[in-house]
Structure formats: structure tokens, C-alpha cells
Amino acid sequence: MELIDRYLALVGFGETGWGALLLSASAMTLGVSVCGFLTGTLLGSVVTFMKLSRYIVLRWLADGYTTVLRGVPDLLVIYLFYFGGSAFLGSLGGLFGYEGFIGMPAFLTGTLALGVVSAAYQSEVFRGAFKSVAGGELEAASAVGMRPWPKFRRIVAPLVLRYAIPGLGNTWQLVLKESALISITGLVELLRQSQIAAGSTRRPFEFYLTAIVLYLVITWASSIAFRHLEARTMRGTRSSL
Amino acid sequence: MDIAFMWETFLILLTGVPLTLELAVTSIFAGGILAFFLSLLAVVGGPVGRGFTRGYVFVFRGSPLLVQMFLIYYGLGQFRPMLQEIGLWAIFREPYWCAVIALTLNTAAYTSEIFRGGLQAVSVQQVEAARACGMSGPLLFRRIVLPIAIRHALPAYGNEVILMLKATALASVITIMEVTGLAGKLIADSFRAFEVFIVAGAIYLAITFLVTRLMMIIEFWLSPHLRMRPPTLA
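The listed protein sequences correspond, in order, to chains A and B.
Yeah, the first sequence ends on 241 if you go by the UniProt record's numbering, and it's all consecutive.
Yeah, the second sequence ends on 234 if you go by the UniProt record's numbering, and it's all consecutive.
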């Protein structure tokens with residue numbers, strides 16, 4: 001049991017323990033994932049509307065977006081935003097006569113990169129959900145005299161959300177795990193904090209193992225949350241299966 | 001946009017392609033074998049086998065691959081004397097093998113779920129029909145169950161292969177200079193993220209395009225019963 005005591009001294013909340021830092025880093029992981037996911041929902045909605053548009057050019061653009069962002073490693077996208085953002089900020093500074101290095105804020109990089117990647121996945125989820133809205137429901141809405149906007153807001157949108165939730169759950173899990181890659185930009189999320197702790201204590205095994213356990217707790221808890229959400233949006237319907 | 005710079009970038013990144021493919025092929029192959037046994041264990045292993053595979057899948061799908069890679073590469077380095085004693089240090093010392101091991105264990109979790117679905121999709125009637133013809137044991141498995149399971153699993157497996165191709169990019173974080181590693185270095189040196197991204201992205205897209213075509217060919221080859229029959233005289 002000496003082994004357990006030594007482990008707890010490392011990752012616990014005692015004087016030499018890294019517990020508090022690891023927990024706040026987990027909060028950072030959740031934070032950047034939520035921001036990235038919501039950015040992805042926003043951008044993904046735009047891409048979805050482009051995919052469903054009657055103009056072929058918009059459809060092509062949207063399909064190209066999905067193909068590229070799903071076919072390219074996410075690490076590359078992070079490099080693009082991190083270094084590209086810094087270069088952009090640098091040339092912007094040059095315009096105002098500032099010639100120093102301006103680093104891209106790590107949290108912003110993470111939000112943008114995760115957002116742009118997850119938008120590609122979310123737009124496909126939303127497109128499928130839109131296709132699942134039955135024609136009869138739209139006809140019924142038109143028959144009671146609903147105009148396009150109320151019809152969208154009160155009939156289409158709630159149904160789309162209901163059909164999209166399982167797919168969105170998958171995308172969320174993906175974003176959560178991808179957020180570990182943001183550690184290369186120096187954002188102190190769970191993996192980066194574990195790296196720091198592993199480096200300064202020279203006990204990488206214990207800390208990476210703890211990181212894995214914390215990630216498992218987060219993904220497990222969010223799968224439960226999504227199951228509840230799904231049950232809630234399905235309220236009032238009876239499955240025909 | 002600087003075409004000359006992009007051409008130069010392309011030539012440099014091209015030298016990373018063999019390593020990317022090598023990582024992908026090695027780990028997909030090894031992961032496939034591991035997944036095959038895991039899915040067998042899940043289907044015929046009883047409650048213990050089922051519990052074990054379920055736990056395995058939960059751990060490897062629920063945590064980021066990068067952390068798994070760090071645990072193997074940096075974490076196991078901590079047990080150097082022990083690993084030296086049993087002669088495994090030569091493997092865990094190399095970032096390449098650590099990346100392969102992490103990718104293999106990770107893809108095995110996803111692939112075993114795909115295989116399990118394929119095995120469970122083989123209908124009882126088909127097995128019964130084979131038994132009625134007098135087939136049993138390994139012959140039944142080899143001739144009936146396996147081909148049908150593979151056919152069921154192939155589309156999902158194609159997705160997994162492409163995900164693995166992209167996942168090899170993480171090996172660059174533990175100092176392996178494959179396509180993404182070279183791209184990251186080029187971006188950090190030149191600060192021209194956009195151009196390098198376009199070139200590296202095009203290389204990955206070309207590879208995944210070829211892989212999807214390859215999967216389509218295999219699918220065509222494995223489902224002769226769905227193909228149009230040539231007109232016959234009889």
C-alpha cells in the first residue's frame with residue numbers, strides 16, 4: 001500500500017500533490033471543448049444551409065469544406081491557426097508600426113481549430129437531421145397557415161434538434177478528445193498540465209495514467225448527459241420500433 | 001500565394017509520405033489482428049471475455065490517442081531498468097515503435113467493435129444452412145461466417161482506415177518526422193502556415209482518395225452476388 005500512498009502524494013490534494021492543478025486543467029479542457037463545439041455548431045449551421053441551398057456553387061463550396069476538413073489531420077488545422085494566426089497578427093501589427101512578435105492566444109487557437117473541424121462533422125449531422133423531417137409535418141404546418149420563419153422556428157428546428165442529438169453526441173466526444181492536441185500551443189489544459197507535472201516530478205507514468213482516467217471520467221459523464229438530453233427531446237413521442 | 005515555395009514544400013513533404021504510410025499500414029495490420037481476437041473474445045468468450053473487451057474498448061475509445069501515446073513513450077521510460085531486464089527496452093526506447101504500439105492498441109478498440117458487429121450480423125439461418133450441408137467447426141467459420149462478416153464490416157472498416165491515416169499525424173508530436181511533422185517544422189521555420197497547409201492537406205487528401213477507391217474495389221470483389229450477371233445462352 002506504499003505504492004498507493006506514493007501515488008496519492010503525487011496526484012492528491014496534499015502539499016506535494018498536483019490534484020488541484022489537474023482538476024482546474026480538466027476545467028480548461030472542458031472550457032475549450034465547449035467553446036470549440038459551440039463555434040462548430042454556429043459554423044456548421046451555416047455550412048448546412050449552404051449544403052441545402054438551391055445554388056450549386058454554395059453546395060459545392062460546402063461539400064468541399066467537409067471533404068477537406070474531414071480528410072486532413074486535425075493537428076495540421078491547429079498548426080494553421082496557431083502559426084497562421086500569429087503571422088496574421090504580426091502583419092497586422094506591422095501596419096500600425098509594431099514590429100515585434102505577436103503570439104496567437106492559445107485559447108482562441110483552440111476554439112477556432114476545434115470549431116472549424118467540428119463544423120465539418122456537425123454540418124453532416126444537421127444535414128441528415130434536416131432530411132429526416134417528414135414532409136407531412138411541413139405540409140401540416142403550411143396547412144394551418146404558418147409562414148416560413150415560424151414554420152422553421154416552431155416545427156423544423158425542434159425536430160432537427162431531436163434527430164441531431166445522437167450525432168452531436170458523437171461529435172462532442174470527438175472534440176473532447178481532440179482538445180488534447182491543443183496542448184501543443186501551450187494552452188494549459190489537462191494534457192499540458194500533466195506534461196508539466198510529469199516533467200517536474202519525473203513521474204510521467206503516474207500523471208499520464210491519471211490524465212487518461214480523468215479523460216475517461218469526462219467522456220463517460222458526457223455520454224450520460226447526452227443520453228438524458230436525448231430522452232428529454234424524445235419526450236412525447238412513442239417509438240414505433 | 002508563392003508557387004515556387006509551394007513546390008519546394010511539396011518536394012520536402014513528399015519525403016515524409018513513406019513514413020506516414022508505413023506507420024499507417026503497420027498499425028492497421030497489427031491492430032486488425034488484435035481486433036480480430038478481441039471481437040472473437042467478445043462474441044464467444046462468455047461474460048469474462050465480454051467484460052474484458054468492453055473495458056478495453058471503453059478505455060481506448062474514451063481517452064485521447066495523444067495521451068495514450070505519451071503514456072507509452074514517456075510513461076514506460078520510467079520503468080527502464082525493468083524493461084532492460086526483460087529485453088523490451090530496445091522497443092520502448094524508439095519513438096517509432098511507441099507510436100506504432102499506441103496506434104495499434106487504439107485502432108484495435110475501434111476495429112474490434114466493427115468486427116463484432118460484422119460477426120453478429122451473420123444470420124442464424126445462414127449458419128443453419130451450412131450445418132445442414134454438413135459443415136461445422138473451422139470450415140464453417142472460414143467458408144461461411146468470416147466472408148459474410150467481412151462483407152458486413154467493410155464500409156465501417158474503410159472509415160477506420162482513413163481515421164488511422166490521419167491519426168498517424170500525432171506521431172509527429174513524439175518527434176517522428178512524417179508528413180505532419182515535416183509540415184509543422186516548415187510552418188514554424190517559414191511562418192507561411194497557409195501555403196504549407198494547402199500542400200500537406202492535398203497530400204493527405206490524395207492518399208485518402210486512393211484508399212477509398214481501394215476499399216471500393218475490395219467491396220466489389222467481395223460481393224459477386226450483387227454484380228450484374230453476364231447474359232447467358234441457357
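Just so it is clear, CB atoms sit at the ideal spot from N, CA and C, and this is done for glycine as well.
Quick caveat: nothing in here was measured; it's all calculated off a predicted structure.
Which term fits residue i, buried or exposed, when burial requires 16 or more other beta carbons within 10 angstroms of its beta carbon?
| i | result |
| --- | --- |
| Arg-203 (chain A) | buried |
| Phe-13 (chain A) | exposed |
| Ile-72 (chain B) | buried |
| Gly-201 (chain B) | buried |
| Asp-189 (chain B) | exposed |
| Phe-101 (chain A) | exposed |
| Gly-84 (chain A) | buried |
| Ile-184 (chain A) | buried |
| Trp-149 (chain A) | exposed |
| Ile-7 (chain B) | Before going on, a small fix: residue 7 (chain B) reads as Trp here, not Ile. The residue in question, Trp-7 (chain B), is exposed, as its Cβ has fewer than 16 Cβ neighbours within 10 Å. |
| Phe-197 (chain B) | buried |
| Glu-195 (chain B) | buried |
| Leu-210 (chain B) | exposed |
| Arg-80 (chain B) | exposed |
| Leu-139 (chain B) | exposed |
| Met-28 (chain A) | buried |
| Cys-133 (chain B) | exposed |
| Phe-92 (chain B) | buried |
| Ile-172 (chain B) | Residue identity differs from the one stated: residue 172 (chain B) is Ser in this sequence, not Ile. Result: buried. |
| Arg-82 (chain A) | It should be pointed out that residue 82 (chain A) corresponds to Tyr in this sequence rather than to Arg. With 16 or more other Cβ atoms within 10 Å, it is buried. |
| Trp-172 (chain A) | buried |
| Ala-129 (chain B) | exposed |
Relative to the alpha-carbon of residue i, which residue among the options has its alpha-carbon at the smallest distance?
| i | options | result |
| --- | --- | --- |
| Leu-119 (chain B) | B:Ala-42, B:Ile-218, B:Met-228 | B:Ala-42 |
| Arg-116 (chain B) | B:Gly-32, B:Met-228, B:Met-82 | B:Gly-32 |
| Thr-26 (chain B) | B:Thr-175, B:Val-100, B:Val-122, B:Ala-156 | B:Val-100 |
| Ile-150 (chain B) | B:Leu-210, B:Glu-113, B:Ala-130 | B:Glu-113 |
| Tyr-110 (chain B) | B:Ala-132, B:Arg-54, B:Val-67, B:Leu-66 | B:Arg-54 |
| Val-199 (chain B) | A:Leu-80, A:Met-234, A:Thr-237, A:Arg-147 | A:Leu-80 |
| Ala-69 (chain B) | B:Leu-226, B:Phe-52, B:Asn-106, B:Ala-130 | The sequence shown places Met at residue 69 (chain B), rather than the Ala named in the question. The shortest Cα separation from Met-69 (chain B) among B:Leu-226, B:Phe-52, B:Asn-106, B:Ala-130 belongs to B:Asn-106. |
| Ser-123 (chain B) | B:Gly-137, B:Leu-139, B:Pro-138, B:Val-145 | B:Val-145 |
| Tyr-56 (chain B) | B:Ser-39, B:Gly-46, B:Val-44, B:Leu-66 | B:Ser-39 |
| Glu-230 (chain A) | A:Leu-174, A:Gly-199, A:Ala-198, A:Gly-169 | A:Gly-169 |
| Val-156 (chain A) | A:Met-1, A:Phe-130, A:Thr-171, A:Arg-147 | A:Phe-130 |
| residue 235 (chain B) | A:Trp-220, A:Ala-225, A:Leu-114 | Residue 235 (chain B) lies beyond the range of chain B shown here (1 to 234); nothing can be said about it. |
| Leu-23 (chain B) | B:Ala-129, B:Trp-97, B:Met-1 | B:Trp-97 |
| Leu-112 (chain A) | A:Thr-16, A:Thr-41, A:Arg-232, A:Val-144 | A:Thr-41 |
| Ala-134 (chain A) | A:Val-160, A:Leu-69, A:Leu-3 | A:Val-160 |
Just confirm the distance between the C-beta atoms of residue i and residue j, as a whole number of angstroms; I'd bet it's less than 8 Å.
| i | j | result |
| --- | --- | --- |
| Met-164 (chain B) | Leu-205 (chain B) | Incorrect: roughly 16 Å between the Cβ atoms, too far for contact. |
| Val-161 (chain B) | Thr-20 (chain B) | Going by Cβ atoms, the distance from Val-161 (chain B) to Thr-20 (chain B) rounds to 13 Å, so no, they are not a contact pair. |
| Ser-53 (chain A) | Leu-190 (chain A) | The pair is not a contact, with the Cβ atoms about 39 Å apart (cut-off 8 Å). |
| Ser-123 (chain A) | Thr-48 (chain A) | 5 Å |
| Trp-18 (chain A) | Leu-30 (chain A) | The pair is not a contact, with the Cβ atoms about 18 Å apart (cut-off 8 Å). |
| Trp-13 (chain B) | Ala-183 (chain B) | Correcting the residue type first, residue 13 (chain B) is Leu in the shown sequence and not Trp. At roughly 6 Å, the Cβ-Cβ gap stays under 8 Å, so Leu-13 (chain B) and Ala-183 (chain B) are in contact. |
| Ala-35 (chain B) | Ala-121 (chain B) | Incorrect: roughly 16 Å between the Cβ atoms, too far for contact. |
| Ile-212 (chain A) | Leu-176 (chain A) | That pair is no contact at about 13 Å. |
| Gly-136 (chain A) | Gly-167 (chain A) | Contact doesn't hold; Cβ gap of about 23 Å is too wide. |
Would residue i and residue j qualify as a contact pair, given that the criterion is a beta-carbon distance under 8 Å?
| i | j | result |
| --- | --- | --- |
| Gly-16 (chain B) | Met-177 (chain B) | yes |
| Thr-66 (chain A) | Ala-120 (chain A) | yes |
| Ala-106 (chain A) | Gly-186 (chain A) | yes |
| Ser-179 (chain A) | Ser-33 (chain A) | yes |
| Thr-4 (chain B) | Ala-87 (chain A) | According to the sequence as given, residue 4 (chain B) is Ala; it is not Thr. Their beta carbons are not under 8 Å apart, which means Ala-4 (chain B) does not touch Ala-87 (chain A) by this criterion. |
| residue 242 (chain A) | Val-117 (chain A) | Beyond the ends of chain A as shown, which are 1 and 241, falls residue 242 (chain A); an answer cannot be given. |
| Leu-170 (chain B) | Leu-75 (chain A) | yes |
| Tyr-7 (chain A) | Pro-64 (chain B) | no |
| Pro-95 (chain B) | Thr-175 (chain B) | yes |
| Ile-182 (chain A) | Gly-110 (chain A) | yes |
| Leu-21 (chain A) | Gln-193 (chain A) | yes |
| Ile-148 (chain B) | Gln-126 (chain B) | yes |
| Arg-162 (chain A) | Met-234 (chain A) | yes |
| Asn-73 (chain A) | Lys-185 (chain B) | Sequence inspection shows Pro at residue 73 (chain A); the Asn mentioned does not correspond to that position. Not a contact, by the Cβ cut-off of 8 Å. |
| Gly-51 (chain B) | Phe-205 (chain A) | no |
| Met-50 (chain A) | Leu-38 (chain A) | no |
| Ile-165 (chain A) | Phe-226 (chain A) | yes |
| Leu-89 (chain A) | Met-104 (chain A) | yes |
| Thr-212 (chain B) | Gly-158 (chain B) | yes |
| Ala-141 (chain A) | Lys-151 (chain A) | yes |
Of the residues that make up the stretch 92-118 of chain A, which ones have a beta carbon closer than 8 Å to any beta carbon in chain C? The structure shown has no chain C; the protein chains it does contain are A and B.
Interface positions of the stretch 91-102 of chain B facing chain A (Cβ-Cβ less than 9 Å), listed along the chain: none
Check distances from the C-beta atoms of the stretch 71-91 of chain A to those of chain B and list, in chain order, the residues that come in under 7 Å. Look at the stretch 71-91 of chain A: the residues with a C-beta under 7 Å from a C-beta of chain B are Gly-71, Val-72, Pro-73, Leu-75, Leu-76, Tyr-79, Leu-80, Phe-83, Gly-84, Ala-87.
Members of the stretch 208-238 of chain A that neighbour chain B once the beta carbon cut-off is set at 7 Å: Tyr-208, Leu-209, Ala-211, Ile-212, Tyr-215, Leu-216, Thr-219, Trp-220
Which residues, in order along the stretch 163-181 of chain A, keep a beta-carbon less than 9 Å from a beta-carbon of chain B? Across the stretch 163-181 of chain A, CB contacts with chain B closer than 9 Å involve Gln-173, Leu-176, Lys-177, Glu-178, Ser-179, Ala-180, Leu-181, in sequence order along the chain.
Pull out every residue of the stretch 161-186 of chain B whose Cβ sits closer than 9 Å to any Cβ of chain A, in chain order. The stretch 161-186 of chain B vs chain A, Cβ under 9 Å: Ile-162, Leu-165, Lys-166, Ala-167, Thr-168, Ala-169, Leu-170, Ser-172, Val-173, Val-179, Thr-180, Ala-183, Gly-184.
Pull out every residue of the stretch 49-67 of chain B whose Cβ sits closer than 9 Å to any Cβ of chain A, in chain order. Phe-58, Val-59, Arg-61, Gly-62, Ser-63, Pro-64, Leu-65, Leu-66, Val-67
Give, in chain order, every residue of the stretch 184-197 of chain A whose Cβ lies closer than 9 Å to some Cβ of chain B. Within the stretch 184-197 of chain A, the residues whose Cβ lies closer than 9 Å to some Cβ of chain B are Ile-184, Leu-190, Leu-191, Ser-194, Gln-195, listed in chain order.
Taking Cβ-Cβ distances below 8 Å as the criterion, which residues of the stretch 71-83 of chain B are in contact with chain A? Leu-71, Tyr-74, Gly-75, Leu-76, Gly-77, Gln-78, Phe-79
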